[in-house]
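*Asks:* Quick note: the first sequence uses our numbering, first residue 37, plus one each step.
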Amino acid sequence: MSEPTKKSMDEIMALCKRRGFVFQASEIYGGLNGFWDYGPLGAQLKKNLRDAWWADCVLNPPAAPGGGDVAMVGLDTCIIQHPKVWEASGHVAGFNDPMVDCRESKKRYRADHLWVRSATGLDGQVFLVCLAAGGAEEANDAWGAMKRRKDVPGPIWDLLVQASGTDRAYTDLSPEQRAAVLGPDASKPGSLTDPRPFNLMFPTIVGATGDWETNKAYLRPETAQGIFVNFKNVVDTSRVRVPFGIAQTGKAFRNEVTPRNFTFRSREFEQMEIEFFCRPEDAREWYVYWRDNRLAWWRSLGLASDNLRLREHDADELAHYAKEGAGTSDIEYRFPFTFPGFGELEGVSHRSDFDLRQHQQHSGVKMDYFDQERNERYIPHVIEPSAGLDRGVLALLCEAYTPDPERASKVYMKFHPRIAPIKAAVFPLVNKDGMPEVAERLRNDLRARFSMIEYDAKQSIGKRYARMDEAGCPFCFTIDGETLTDNSVTVRDRDTLSQERIALDAVVGYLADRLGSAR
RNA sequence: GCGGGUGUAGCUCAGUGGUAGAGCGUCACGUUGCCAACGUGAAAGUCGAGGGUUCGAGUCCCUUCACCCGCUCCA
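1) Between the stretch 497-515 and the stretch 430-444, can you find at least three pairs of beta-carbon atoms closer than 8 Å?
2) Quick check on A283: does DSSP put it in helix, strand or coil?
3) What residue from T526, F267, L533, L551 has the CA that sits closest to D541's CA?
4) Have a look at the DSSP bridge pairing and note the partners of Y325.
5) Just to confirm my understanding: we take A460, look at its own chain, exclude 5 residues before and 5 after, and list those with CB closer than 8 Å. What are they?
6) Going straight from the alpha carbon of G126 to that of Y145, what length do you get?
7) For the alpha helix (DSSP H) containing K268, list its first residue and its last residue.
8) Where Y206 and E348 are concerned, what is the direct C-alpha to C-alpha distance, given to the nearest angstrom?
9) Report the residue from V106, A456, I415, A493 whose alpha carbon sits nearest the alpha carbon of V462.
10) With DSSP run on the structure shown, which of helix, strand or coil describes S38?
11) Start and end of the alpha helix (DSSP H) containing L344?
12) In terms of residue numbering, what span does the alpha helix (DSSP H) encompassing F264 cover?
13) Assign L392 to buried or exposed, taking buried as 16 or more other Cβ atoms, counted over all protein chains shown, within 10 Å of its Cβ.
14) Hey, quick one: how far does the beta strand (DSSP E) through K252 stretch, first residue to last?
15) Is it the case that the Cβ atoms of R327 and L339 are separated by a distance below 8 Å?
16) Of the residues E63, A107, A79, A539, which one's Cα is nearest the Cα of V276?
17) Enumerated in chain order, which unbroken segments of the alpha helix (DSSP H) with a length of 4 residues or greater are wholly contained in the stretch 368-454?
18) According to DSSP, is C509 helix, strand or coil?
19) Going by CA-CA distance only, name the one from G75, R413, D87 that's closest to P316.
20) So, are the CB atoms of W322 and I367 less than 8 Å apart?
21) So S302 and W72 are supposed to be a Cβ contact under 8 Å. How far apart are they, rounded?
22) Are F238 and R427 closer than 8 Å when you measure CB to CB?
23) Alpha carbon to alpha carbon, how far is Q535 from Q307?
24) List the whole-angstrom C-beta distance separating G110 from A260, where the pair is believed to meet the contact cut-off of C-beta under 8 Å.
25) By alpha-carbon positions, which one of F371, D469, P457, L331 ends up nearest to C434?
26) Flag this pair as touching only if the stretch 83-101 and the stretch 449-458 have three or more C-beta atom pairs under 8 Å; answer yes or no.
27) Look at I241 and K252 and say whether their C-beta atoms are less than 8 Å apart.
28) What residues in its chain sit with their C-beta under 6 Å from that of L68, if we drop five residues either side in the sequence?
29) So, for H398: in the same chain, excluding its five sequence neighbours on each side, which residues have a beta-carbon less than 7 Å away from its beta-carbon?
30) Going by the CB atoms, is the gap between P134 and P231 shorter than 8 Å?
31) Enumerated in chain order, which unbroken segments of the beta strand (DSSP E) with a length of 3 residues or greater are wholly contained in the stretch 459-541?
32) To the nearest angstrom, report how far apart S38 and N411 are at their CA atoms.
33) Just to confirm, is the Cβ distance from G298 to P416 under 8 Å?
34) Take the Cβ of P295 as the centre, count every other Cβ of all protein chains shown within 10 Å, and call the residue buried at 16 or more, exposed below.
35) Assuming contact is defined by CB atoms lying nearer than 8 Å, are R330 and E382 in contact in what I supplied?
36) Tell me the DSSP bridge mates of C314?
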């Protein structure tokens, strides 16, 4: 195993454009920040990844911890849900955090993390600010920590020592008072902006004559809630019993503060989410099951190098629904733009019974589940493996990108055959002498049986191999003069460049063996 | 949101005030007959967009958009 090296994101992006994997959205109008389109090869690659996920999570999930079957069903819910869904889920409150910028230090803070004490400086009253995420009690500790710091400049130190009074929220100050506030990382007062709201959800209007006041709705910021609000429907109609899971893929939308890093942080993106419902006592066991199986799944698609890792969250970074749960972890990939760091591909978290309980409370509909085997009633706990489909595609593109100065294309895409957009190519060595007829017949046979099959009779054979290298096609079958006499063809392997002769009528079997369940 | 950089053909880039260019790729024809071969030819550009200065702007100025990098943010 060679040392991981940093690939050039610029080169990967150039190839994505050149070969039709990814285009900038609305490109002819100058593009739109945070939006990307998939070209012909990218669309197929993304579909292959989505299909592999569905096949391995819904249709044929890994065996249960104690052996035996795991019950999984699929769902496809709306992008626009009732606005109350997002009040219940916490997104209306949580996605509207007011933020404060510091003009001097260029830092940005959540307004509700800023706590204020007053002091009297040379120019009159000054307000000091400290940073504390937990609330007023934690702010008290934060002041103590500030006083123990050795790098506080003298004038500020003088203010700090005499700062007094109870902690007040920054958001409670008047505009005049804010002008006298000394930011946590500033040297002079008045560098902080007013709190500005950040609406991470996309608002929209339902109804052709709707107005913003009465008909406001949101594009979903996650697919998960569509599953939770259908929990009862699935239980009542699908003959599933706890433990079981509901899976869904689909678009989600977030007004990211800073879309960045190619498709990694997009404002429109696709998720692949599972909500797995289980008894509270079994949450830890199922958490471990999904965490380990999801990691193994990404490995099985070719992200098998040191570029993939599992990271358990620390207690202090857990989301509101996951505190004190069975665990939360990220499956992370080392992207060129995060190198040597990692970026999140999938999060596996124990959401406890938070969501079902919230919806029960807000809707008034009972979400508890009667377990007939145990004769007990409870609201199930949830283990959520939530993967980013577009991030998965990006990781596959980055992992596959393999520079090779020795070959004509200088680079090839080493996709796992299962997710490679083009499964195989068929070439007549020469576009005459009966070869095209045989090649076209083979192409038709393969297309009837497998996914995307490329046919190319143009230009030299070397160029055609090189084109397939950049597209990441794993196998090329070439019909030559010998085929016409003995019905054999050559197979050219993308990764080894080796060729072998096999019988024409063995090609279908050859491909089927190597593509496995993927077609 | 702040700072830095970039933006010219599908891709990589040259072009410092005076006719829009090259290499590669793409396409056609010929030749070749297993790794971007060769020959001839062709298509392809709102020079990111808008405004200004100028006799004249790809080039200078202003504004704006997009992408990359560093902060920031990331339920």
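For glycine and all other residues, C-beta sits at the position ideal for the given N, C-alpha and C.
Since we're looking at a predicted model, the values are computed, not measured.
*Replies:* To lay it out plainly:
1) yes
2) Here residue 283 is taken as the residue at index 247 of the first sequence, counted from 1. Here A283 sits in strand by DSSP.
3) Locating residue 541 in the first sequence gives position 505, where the first residue counts as 1. If we check each option's Cα against that of D541, T526 comes out closest.
4) Counting from 1 along the first sequence, the entry for residue 325 is found at position 289. None, per the DSSP bridge assignment.
5) Position 424 of the first sequence, counted from the first residue, corresponds to residue 460. Excluding residues within five positions, the ones whose Cβ falls inside 8 Å are L482, F486, I489, E490, C509, P510, F511, C512, F513, L547.
6) Sequence index remark: in the first sequence, residue 126 carries index 90 (1-based). Sequence index remark: in the first sequence, residue 145 carries index 109 (1-based). Using only the alpha carbons, I get a separation of about 20 Å.
7) In the first sequence, the residue the question calls residue 268 occupies position 232. Residues 267-273.
8) Against the first sequence, residue 206 aligns to sequence position 170. Against the first sequence, residue 348 aligns to sequence position 312. Their Cα atoms are separated by approximately 33 Å.
9) Counting from one through the first sequence, the residue named residue 462 turns up at place 426. The option with the nearest alpha carbon to V462 is A493.
10) Here residue 38 refers to the residue found at position 2 of the first sequence. Confidence in S38 is poor, its pLDDT being 46 and thus under 50, which makes the residue's placement too unreliable to answer from.
11) In the first sequence, residue 344 corresponds to position 308, counting from 1. Premise fails: L344 lies in the beta strand (DSSP E), 344-348, not in any alpha helix (DSSP H).
12) Against the first sequence, residue 264 aligns to sequence position 228. First-last of the alpha helix (DSSP H) with F264: 260-264.
13) Within the first sequence, residue 392 is the residue found at index 356, counting from 1. The residue in question, L392, is buried, as its Cβ has 16 or more Cβ neighbours within 10 Å.
14) Here the question's residue 252 lines up with position 216 in the first sequence. Where K252 is concerned, the enclosing beta strand (DSSP E) stretches over 252-255.
15) The residue given as residue 327 occupies position 291 in the first sequence. The residue given as residue 339 occupies position 303 in the first sequence. No, these two residues do not count as a Cβ contact at 8 Å.
16) Position 240 of the first sequence, counted from the start, is the residue given in the question as residue 276. Residue A107 is the option with its Cα nearest to V276.
17) 390-399, 425-436
18) By one-based count along the first sequence, residue 509 stands at place 473. Reduced to three states, the DSSP call for C509 is coil.
19) For the purposes of this step, residue 316 is taken as the residue at position 280 of the first sequence. The residue with the shortest Cα to Cα distance from P316 is R413.
20) Taking the first residue of the first sequence as position 1, residue 322 is located at position 286. Taking the first residue of the first sequence as position 1, residue 367 is located at position 331. No.
21) Stepping through the first sequence from its first residue, residue 302 is reached at position 266. Stepping through the first sequence from its first residue, residue 72 is reached at position 36. Right, their Cβ atoms sit about 6 Å apart.
22) Here residue 238 refers to the residue found at position 202 when the first sequence is read from its first residue. Here residue 427 refers to the residue found at position 391 when the first sequence is read from its first residue. The answer is no: Cβ separation not under 8 Å.
23) Against the first sequence, residue 535 aligns to sequence position 499. Against the first sequence, residue 307 aligns to sequence position 271. Using only the alpha carbons, I get a separation of about 40 Å.
24) As a working note, residue 110 is residue 74 in the first sequence. As a working note, residue 260 is residue 224 in the first sequence. Their Cβ separation, rounded to whole angstroms, is 14 Å, which puts G110 and A260 out of contact at 8 Å.
25) Residue 434 sits at position 398 when you count from the first residue of the first sequence. Comparing Cα positions, the closest option is F371.
26) yes
27) By one-based count along the first sequence, residue 241 stands at place 205. By one-based count along the first sequence, residue 252 stands at place 216. Contact: yes.
28) The sequence position of residue 68 within the first sequence is 32, counting from 1. Within the same chain, L68 has close Cβ partners A61, S62.
29) One-based indexing of the first sequence puts residue 398 at position 362. So the qualifying residues of the chain are K120, E123, A124.
30) Your numbering for residue 231 matches position 195 in the first sequence. Your numbering for residue 134 matches position 98 in the first sequence. It is a contact, given that the beta carbons lie within the stated cut-off.
31) 460-464, 489-491, 511-515, 524-529, 535-539
32) By 1-based counting over the first sequence, the position of residue 38 is 2. By 1-based counting over the first sequence, the position of residue 411 is 375. In this prediction, S38 scores a pLDDT of 46, lower than 50, which makes its location untrustworthy; the coordinate-derived value is nonetheless stated afterwards. So the two alpha carbons sit approximately 56 Å from each other.
33) Locating residue 298 in the first sequence gives position 262, where the first residue counts as 1. Locating residue 416 in the first sequence gives position 380, where the first residue counts as 1. In the sequence under discussion, the amino acid at residue 298 is Phe, which differs from the Gly named in the question. Contact: no.
34) Numbered from 1 along the first sequence, position 259 holds the residue referred to as residue 295. Classification for P295: buried.
35) Position 294 of the first sequence holds residue 330. Position 346 of the first sequence holds residue 382. Closer than 8 Å, so yes.
36) The sequence position of residue 314 within the first sequence is 278, counting from 1. For C314, which the question treats as bridged, DSSP gives the partners H417.
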